[in-house]
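Protein chains in written order, with our numbering: chain A, 631 to 945; chain B, 631 to 945.
Glycine included, C-beta positions come from ideal geometry on N, C-alpha and C.
Since this is a predicted model, take the numbers as computed values, not measurements.
Below is one structure, written out as structure tokens; comments come after it.
Number of protein chains: 2
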Amino acid sequence: MPLDRRRVIRYVGIIVFPTVIHGLGLQPASMPHSASTSTSFVDRLRTVQRRKASVVCVGLDPDPDRLPVPVRDGDSLAASITSFCREIIHATAEYACAFKLNFAFFEALGPVGAQVLEETASAIPDDCLVIGDAKRGDIGNSARFYAHAVFNHMHCDAITVAPYMGHDSVTPFLETEGTCAFVLARTSNPGAGDFQEACTCDGEPLYLHTARKVAEWNGDYPGTAGLVAGATSPEALGELRNACPTLPFLIPGVGSQGGDPVAVMQAAATDEGLVIVNSSRSIIYASEGNDFAAAAAGAARRLRDVLNAEPNEAN
Amino acid sequence: MPLDRRRVIRYVGIIVFPTVIHGLGLQPASMPHSASTSTSFVDRLRTVQRRKASVVCVGLDPDPDRLPVPVRDGDSLAASITSFCREIIHATAEYACAFKLNFAFFEALGPVGAQVLEETASAIPDDCLVIGDAKRGDIGNSARFYAHAVFNHMHCDAITVAPYMGHDSVTPFLETEGTCAFVLARTSNPGAGDFQEACTCDGEPLYLHTARKVAEWNGDYPGTAGLVAGATSPEALGELRNACPTLPFLIPGVGSQGGDPVAVMQAAATDEGLVIVNSSRSIIYASEGNDFAAAAAGAARRLRDVLNAEPNEAN
Numbered sequence: 631m632p633l634d635r636r637r638v639i640r641y642v643g644i645i646v647f648p649t650v651i652h653g654l655g656l657q658p659a660s661m662p663h664s665a666s667t668s669t670s671f672v673d674r675l676r677t678v679q680r681r682k683a684s685v686v687c688v689g690l691d692p693d694p695d696r697l698p699v700p701v702r703d704g705d706s707l708a709a710s711i712t713s714f715c716r717e718i719i720h721a722t723a724e725y726a727c728a729f730k731l732n733f734a735f736f737e738a739l740g741p742v743g744a745q746v747l748e749e750t751a752s753a754i755p756d757d758c759l760v761i762g763d764a765k766r767g768d769i770g771n772s773a774r775f776y777a778h779a780v781f782n783h784m785h786c787d788a789i790t791v792a793p794y795m796g797h798d799s800v801t802p803f804l805e806t807e808g809t810c811a812f813v814l815a816r817t818s819n820p821g822a823g824d825f826q827e828a829c830t831c832d833g834e835p836l837y838l839h840t841a842r843k844v845a846e847w848n849g850d851y852p853g854t855a856g857l858v859a860g861a862t863s864p865e866a867l868g869e870l871r872n873a874c875p876t877l878p879f880l881i882p883g884v885g886s887q888g889g890d891p892v893a894v895m896q897a898a899a900t901d902e903g904l905v906i907v908n909s910s911r912s913i914i915y916a917s918e919g920n921d922f923a924a925a926a927a928g929a930a931r932r933l934r935d936v937l938n939a940e941p942n943e944a945n
Numbered sequence: 631m632p633l634d635r636r637r638v639i640r641y642v643g644i645i646v647f648p649t650v651i652h653g654l655g656l657q658p659a660s661m662p663h664s665a666s667t668s669t670s671f672v673d674r675l676r677t678v679q680r681r682k683a684s685v686v687c688v689g690l691d692p693d694p695d696r697l698p699v700p701v702r703d704g705d706s707l708a709a710s711i712t713s714f715c716r717e718i719i720h721a722t723a724e725y726a727c728a729f730k731l732n733f734a735f736f737e738a739l740g741p742v743g744a745q746v747l748e749e750t751a752s753a754i755p756d757d758c759l760v761i762g763d764a765k766r767g768d769i770g771n772s773a774r775f776y777a778h779a780v781f782n783h784m785h786c787d788a789i790t791v792a793p794y795m796g797h798d799s800v801t802p803f804l805e806t807e808g809t810c811a812f813v814l815a816r817t818s819n820p821g822a823g824d825f826q827e828a829c830t831c832d833g834e835p836l837y838l839h840t841a842r843k844v845a846e847w848n849g850d851y852p853g854t855a856g857l858v859a860g861a862t863s864p865e866a867l868g869e870l871r872n873a874c875p876t877l878p879f880l881i882p883g884v885g886s887q888g889g890d891p892v893a894v895m896q897a898a899a900t901d902e903g904l905v906i907v908n909s910s911r912s913i914i915y916a917s918e919g920n921d922f923a924a925a926a927a928g929a930a931r932r933l934r935d936v937l938n939a940e941p942n943e944a945n
């Protein structure tokens, strides 16, 4: 029920939005979603994950150099990428609770990229959540405009946010009820060592200090904040889960980046602490041949099964 | 000369880019700019600032709720914003060395926003630099795609970058010769206290540690990195200048945010340490009446004069 309503509201939001424009301007980003306020993002996520029996998120990073052969002959690069994403979505949705759209790959197409992104988000079925991997972060006034773009135009249920500029750059993303801002805490890349681990506050590393701040801000907007916590450091994942027992975690870094799915689940998944485990390249580029969609489906299914296995089964 | 060449190369870059596509994919972002490599961003900035006798950057934050009366009757919100930006650019360019495009306000228009942004960037005259205030930051592979979008499609000479994810999220923005990545160090907003000031590394605040890292990365790509350092803390500005004597600083926070232009110049401007002082709202919204363009020009001219005054004159 909440999922169907959400999708209906998503489209209604687009259609009715001009009627809630204030003057020539924008209402707070919460307006078009206001009818869906009864269900928080965390509750929606829990419902989806139970229904689909999956914590897998399929990451859509459509790299023009890696498109499978069957979709390379589109009328344009934009058309090829749209086809590729649609086929991947169609093939893998059964095994996923969410899709993550990496905005970089769409923006690199030029102005048409925003249209491709919007069309791709619209192709994601109702029973999956849509995460805009945009890593936005700016002062309050600008952040509100970014939130409006991602939640209202790009049909996203969640966004990734960079915390460097502090509270007034993050909280505008928490004001749209029913959505979620996954704030970078401890990322999966080599550069995580430069600031997140090297800097400290009150004796704790920056990534943990960030997480505590996010939990504090979430208190003012319950159910709207989460953390990005990479699979490449299960130890940090465990610390973050201890510090933030109820925040949902978006976990990149399994697959191509080498994170161990079983260790991730042991460190971070609890009854009240939900996880979304993302894999991009190792699913969507599982084959570059005619079987690319089936191969992606197989990779998503296998990841789902590994993540669902009891620790004894997995080992 | 370098400026004219740069602009020519900017357009040539767009036109010839399809011929340098590798397969269906993208070459490194440096390709379309490779012909302009003989002039670094810092050298170009120095030339522009001398020629224009100005360190002023006009920030374009086109807020639909604040459009002046004469441009409110466009065929669409996108058309109104395009007109507004063009008129502001035309009126203020004489007094500015650069324009800063705040991507949030363009993205909030929906898919058409990318087109509005591209058209606005194209309207900026040859003798001003274009800064894309995008605050991007993602793992290396994604960062390269963001760099391509901003430097090649959006015609920007520089971009703002968020450093939280460390070196592999920043250095891809340093690979396009002739351009610059202004990395957030100490921002002008209230949230600067949450992490930038509260966290430390080797006894120094995060903002200073960030600056030292940026200077280190700039060593591998000379002349391609700068810092964002807010006007609201002249003390931090001075520390940052001492730590990074040759990096250019992009300084927001004068005008509506209350930073003192004179204190900014005393703290950060040196012969070898260039500054770009941005003002957005107090220039572009100087009047909402028929005189909005003239009022913006007046505000830009006054800021230029205050920034150019010798300390004795200003006090």
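Which class does residue i belong to by DSSP, given the choice of helix, strand or coil?
| i | result |
| --- | --- |
| residue 904(A) | coil |
| residue 835(B) | strand |
| residue 647(A) | Summary for residue 647(A): the model assigns pLDDT 34, below 50, so the residue's position carries little reliability, and this model does not support an answer. |
| residue 769(B) | coil |
| residue 803(A) | helix |
| residue 898(B) | helix |
| residue 704(B) | coil |
| residue 824(B) | coil |
| residue 796(B) | coil |
| residue 916(A) | coil |
| residue 785(B) | coil |
| residue 850(A) | helix |
| residue 738(B) | coil |
Residue range of the beta strand (DSSP E) that residue i falls in?
| i | result |
| --- | --- |
| residue 759(A) | 759-766 |
| residue 791(A) | 788-791 |
| residue 880(B) | 879-881 |
| residue 856(B) | 855-859 |
Start and end of the alpha helix (DSSP H) containing residue i?
| i | result |
| --- | --- |
| residue 722(A) | 707-722 |
| residue 812(B) | Counting along the chain, residue 812(B) falls outside any alpha helix (DSSP H), though it belongs to the beta strand (DSSP E) covering 810-816. |
| residue 743(B) | 742-752 |
| residue 933(B) | 922-938 |
| residue 868(B) | 864-873 |
| residue 672(B) | 671-682 |
Taking the alpha-carbon positions, what's the residue i to residue j distance?
| i | j | result |
| --- | --- | --- |
| residue 811(A) | residue 772(A) | 16 Å |
| residue 925(A) | residue 760(A) | 22 Å |
| residue 732(A) | residue 927(B) | 39 Å |
| residue 794(A) | residue 908(B) | 20 Å |
| residue 917(B) | residue 735(B) | 19 Å |
| residue 831(A) | residue 842(A) | 11 Å |
| residue 661(B) | residue 670(B) | Residue placement at residue 661(B) cannot be trusted, given a pLDDT of 33 that sits under 50; what the coordinates show is reported in the next sentence. Approximately 15 Å, taken between the alpha carbons. |
| residue 898(B) | residue 905(B) | 7 Å |
| residue 745(A) | residue 887(B) | 35 Å |
| residue 741(A) | residue 896(A) | 42 Å |
| residue 768(A) | residue 765(B) | 7 Å |
| residue 685(B) | residue 791(B) | 21 Å |
| residue 837(A) | residue 728(B) | 35 Å |
| residue 861(B) | residue 817(B) | 8 Å |
| residue 707(B) | residue 739(B) | 8 Å |
| residue 614(A) | residue 774(B) | In the structure as shown, chain A begins at 631 and stops at 945. Residue 614(A) is therefore absent and cannot be evaluated. |
| residue 850(A) | residue 826(A) | 25 Å |
| residue 868(B) | residue 893(B) | 10 Å |
| residue 946(A) | residue 779(A) | Given that chain A is displayed from residue 631 to residue 945, the structure contains no residue 946(A) and the question cannot be resolved. |
| residue 723(A) | residue 834(A) | 39 Å |
DSSP beta-bridge partners for residue i?
| i | result |
| --- | --- |
| residue 730(A) | 689(A) and 761(A) |
| residue 697(A) | Answer by DSSP bridge pairing: none, since residue 697(A) is not bridged. |
| residue 909(A) | 688(A) |
| residue 889(B) | 884(B) |
| residue 830(B) | 830(A) and 835(B) |
Mind checking whether the beta-carbon of residue i lies closer than 7 Å to any heavy atom of the ligand NAD?
| i | result |
| --- | --- |
| residue 933(B) | Absent from the structure shown: the ligand NAD. Ligands present: none. |
Requested in this report: For the stretch 705-737 of chain B, enumerate the residues whose C-beta is nearer than 7 Å to any C-beta of chain A, in chain order.
Outcome: Residues of the stretch 705-737 of chain B whose Cβ lies closer than 7 Å to any Cβ of chain A, in chain order: 707, 710, 732, 734, 735 and 737.
**Report entry** Cβ-based contacts, 8 Å cut-off: residues of the stretch 814-848 of chain B near chain A
**Finding:** Using a CB distance below 8 Å, the part of the stretch 814-848 of chain B facing chain A consists of 814, 817, 818, 819, 820, 821, 822, 823, 824, 825, 826, 828, 829, 830, 831, 836, 839, 840 and 843, ordered along the chain.
Report task. Give, in chain order, every residue of the stretch 775-809 of chain A whose Cβ lies closer than 7 Å to some Cβ of chain B. Result -> The stretch 775-809 of chain A vs chain B, Cβ under 7 Å: 775, 776, 778, 779, 783, 792, 793, 794, 795, 796, 797, 798 and 799.
Query raised in the report: Any residues in the stretch 881-897 of chain A with a beta carbon nearer than 9 Å to a beta carbon of chain B? Which ones, in chain order?
Result: In summary, the residues of the stretch 881-897 of chain A whose CB is separated from some CB of chain B by less than 9 Å are 882 and 887, in the order they occur in the chain.
Report task. Check each residue of the stretch 748-760 of chain B: if its Cβ is closer than 8 Å to any Cβ of chain A, include it; give the result in chain order. Result -> Listed by position, the residues of the stretch 748-760 of chain B near chain A (Cβ gap below 8 Å) are 748.
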